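The structure under discussion appears below in the form of structure tokens.
Numbering (the working numbering), first residue to last: 203 to 443.
Written out as structure tokens, the structure reads:
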């Protein structure tokens, strides 16, 4: 089951044409800002590596609570690399959507995965603004006490929107919250894959119960939400729904 045209490309018999399978891929794009710290400001290696520092709504955004910032107590453990701290700017409500598709009929071969990160200009604008905000924190007296220099982005990267966009595209990565590729929705939505009980539209006796059925990626780590999905749908199954 899946998009018939795509399955036909690989000679796979399609028992259900479900165009939404593999589409609507969502994630939380994450971009790192790094500073080298003074020798006397070495951080405790036993301190938690990443902690939530800030949640906020980007200026001009219609999406409330759409941004998150993580604080990193160290940026590397590699020999020869400077000690430092970092911040990760996360886009908690990205407008850009990707897809996952087949590469072959061999189930052991990794699929084709296109995150399509920051394809929408509004996603890029919010990232630019967030990075500039975090860079400006280095002018705070408390930050000045512990940092030597900014490692990334460089001053030349920050010169214009164009140079910053290029740097962001080179450095943005996954927040490891990939989801939404078999989204929940009514049968009237041609891109919906499952109903509110996790039952696959058009197939009897089959459910999907994982992060893929989220219509949109939640504005948080998806771990607890995914567990809640499992608990809720297990109750549906036990109750005969």
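The beta carbon of each residue, even a glycine, is placed where N, CA and C say it ideally should be. Keep in mind it's a predicted model, so treat the numbers as computed, not measured.
- Within the model, the alpha-carbon separation for residue 287 versus residue 439 is close to 47 Å.
- Secondary structure note for residue 236: it is in no alpha helix (DSSP H), and the uninterrupted beta strand (DSSP E) holding it is 232-239.
- Sequence-distant Cβ neighbours of residue 405 in its own chain, meaning closer than 7 Å and more than five residues away, are 203 and 218.
- Excluding residues up to 5 positions away in sequence, 331 lie with their Cβ nearer than 8 Å to the Cβ of residue 261 in the same chain.
- Counting of Cβ neighbours within 10 angstroms places residue 252 among the exposed residues, the total staying below 16.
- In this structure, 383 is the residue among 383, 443 and 278 with its C-alpha nearest to the C-alpha of residue 418.
- With contacts defined as CB atoms closer than 9 Å, residue 272 and residue 290 qualify as a contacting pair.
- Its Cα nearest to that of residue 357, the residue 338 stands out among 343, 338 and 347.
- Taking 8 Å as the upper bound for CB-CB distance, residue 230 and residue 293 are in contact here, some 6 Å apart.
- Looking at the DSSP output, residue 385 sits in no beta bridge, so it has no partner there.
- Check the Cα spacing between residue 208 and each of 416, 307, 429 and 341: the tightest is with 307.
- The beta carbon of residue 236 lies closer than 7 Å to those of 277, 286, 288, 353 and 354 in the same chain, with the five residues before and after it left out.
- Counting only residues of its own chain and dropping the five nearest sequence neighbours on each side, residue 232 has a CB closer than 6 Å to the CB of 290, 292, 375 and 377.
- In the three-state reduction of the DSSP assignment, residue 303 falls in the strand class, which pools E and B.
- Boundaries of the alpha helix (DSSP H) around residue 434: 425-440.
- For residue 253, DSSP records a beta bridge to 273.
- DSSP, reduced to helix, strand and coil, places residue 218 outside both helices and strands of the structure shown, so it counts as coil.
- The three-state secondary structure of residue 411, taken from DSSP, is coil.
- Exclusion of the five residues before and after residue 409 leaves 400 and 401 as the residues of its chain whose Cβ lies within less than 6 Å of its Cβ.
- A Cβ-Cβ separation of about 6 Å places residue 221 in contact with residue 392 under the 8 Å criterion.
- When DSSP reads this structure, residue 223 sits in no beta bridge, so it has no partner.
- A residue is called buried when at least 16 other Cβ atoms come within 10 angstroms of its Cβ; residue 429 does not meet this threshold and is exposed.
- Looking at 364, 316 and 282, the one whose alpha-carbon comes closest to that of residue 326 is 364.
- Residue 405 sits in coil when the DSSP states are folded into three classes, being neither helix nor strand.
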